[in-house]
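Note that the working numbering has the sequence shown beginning at 11, numbered continuously upward.
Glycine included, every Cβ here is placed at the ideal spot set by N, Cα and C.
It should be emphasised that the depicted structure is a prediction, and the values quoted were computed from it without experimental measurement.
Have a look at the structure below before the remarks.
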Amino acid sequence: MRQAIIPGSFDPVTYGHLDIIERAARIFDRVWAVVFHNPEKNGGLFTIAERLELLAEATKHIPNVCIDASDGLLVTYARERGIGVVVKGLRAFSDFEYEFKMALMNKRLDEQIETLFMMTATEYSYVSSSVLKEVCQYGGSVHGLVPPLVEERLYAKLKHR
Ligand code: PNS
Numbered sequence: 011m012r013q014a015i016i017p018g019s020f021d022p023v024t025y026g027h028l029d030i031i032e033r034a035a036r037i038f039d040r041v042w043a044v045v046f047h048n049p050e051k052n053g054g055l056f057t058i059a060e061r062l063e064l065l066a067e068a069t070k071h072i073p074n075v076c077i078d079a080s081d082g083l084l085v086t087y088a089r090e091r092g093i094g095v096v097v098k099g100l101r102a103f104s105d106f107e108y109e110f111k112m113a114l115m116n117k118r119l120d121e122q123i124e125t126l127f128m129m130t131a132t133e134y135s136y137v138s139s140s141v142l143k144e145v146c147q148y149g150g151s152v153h154g155l156v157p158p159l160v161e162e163r164l165y166a167k168l169k170h171r
């Protein structure tokens, strides 16, 4: 079975993430969308349980997607489950340096695990969870950039801030 993992903070899942998950699910037999801890992003808006709930709802139409969370190393998680490929979305040139560093470090940690990059769909190339949270916080609309339940939860979380 060809398996891939799509790791991320998913705080919260956006249509940009979903585009990558859907496309990977057409290529691989099973795709794992896994919430990991990113030490560069402290705290976060949604709890891990909330992120998982939103991811599960957003991907429920894709039968070969599994949702999970881990507070360990990405390569350890992948190795333990026989997952050989990490799929990451690249939005803009500015993503490249950060992703390149992570891919090389992951390769050093486990040379059996490959990282593949997919270019994000043009319509979501400027979408990030961070920018969406900022827009919501100041009363802007994120309609059409996140699944409906995520939109609802973002407004509910941020409207009193
Ligand atoms: O959505 P993000 O925040 O850009 O995703 C980054 C993430 C969570 C994939 C990255 O921080 C990660 O892989 N964390 C797991 C811990 C790990 O393996 N760190 C070493 C990366 S070289």
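For residue i, the residue or residues it bridges with in DSSP
{"i": "Gln-13", "result": "Arg-40"}
{"i": "Lys-98", "result": "Phe-127"}
{"i": "Ser-80", "result": "Phe-46"}
Cβ-heavy atom distance, residue i to ligand 1, below 7 Å
{"i": "Pro-17", "result": "yes"}
{"i": "Phe-127", "result": "no"}
{"i": "Met-115", "result": "yes"}
{"i": "Phe-46", "result": "yes"}
{"i": "Met-11", "result": "no"}
{"i": "Lys-70", "result": "no"}
{"i": "Lys-51", "result": "yes"}
{"i": "Leu-84", "result": "yes"}
Span separating the alpha-carbon of residue i from that of residue j
{"i": "Ser-104", "j": "Met-129", "result": "13 Å"}
{"i": "Leu-65", "j": "Met-115", "result": "27 Å"}
{"i": "Ala-79", "j": "Leu-155", "result": "23 Å"}
{"i": "Leu-168", "j": "Asp-29", "result": "25 Å"}
{"i": "Glu-124", "j": "Asp-21", "result": "25 Å"}
{"i": "Ile-58", "j": "Cys-76", "result": "15 Å"}
{"i": "Asp-120", "j": "Ala-43", "result": "20 Å"}
{"i": "Glu-109", "j": "Ala-166", "result": "32 Å"}
{"i": "Gly-53", "j": "Ser-19", "result": "11 Å"}
{"i": "Val-96", "j": "Gly-150", "result": "34 Å"}
{"i": "Val-23", "j": "Gln-147", "result": "17 Å"}
{"i": "Leu-132", "j": "Glu-67", "result": "Checking the displayed sequence, the identity of residue 132 turns out to be Thr instead of Leu. Distance between the alpha carbons of Thr-132 and Glu-67: 24 Å."}
{"i": "Gln-122", "j": "Val-160", "result": "35 Å"}
{"i": "Leu-164", "j": "Glu-90", "result": "34 Å"}
{"i": "Gln-13", "j": "Val-137", "result": "26 Å"}
{"i": "Pro-157", "j": "Tyr-25", "result": "7 Å"}
Supposed close pair residue i, residue j - CB separation, criterion 8 Å
{"i": "Val-45", "j": "Arg-61", "result": "5 Å"}
{"i": "Leu-126", "j": "Pro-17", "result": "No, Leu-126 and Pro-17 are not in contact; Cβ-Cβ is about 13 Å, not under 8 Å."}
{"i": "Ile-31", "j": "Ile-72", "result": "7 Å"}
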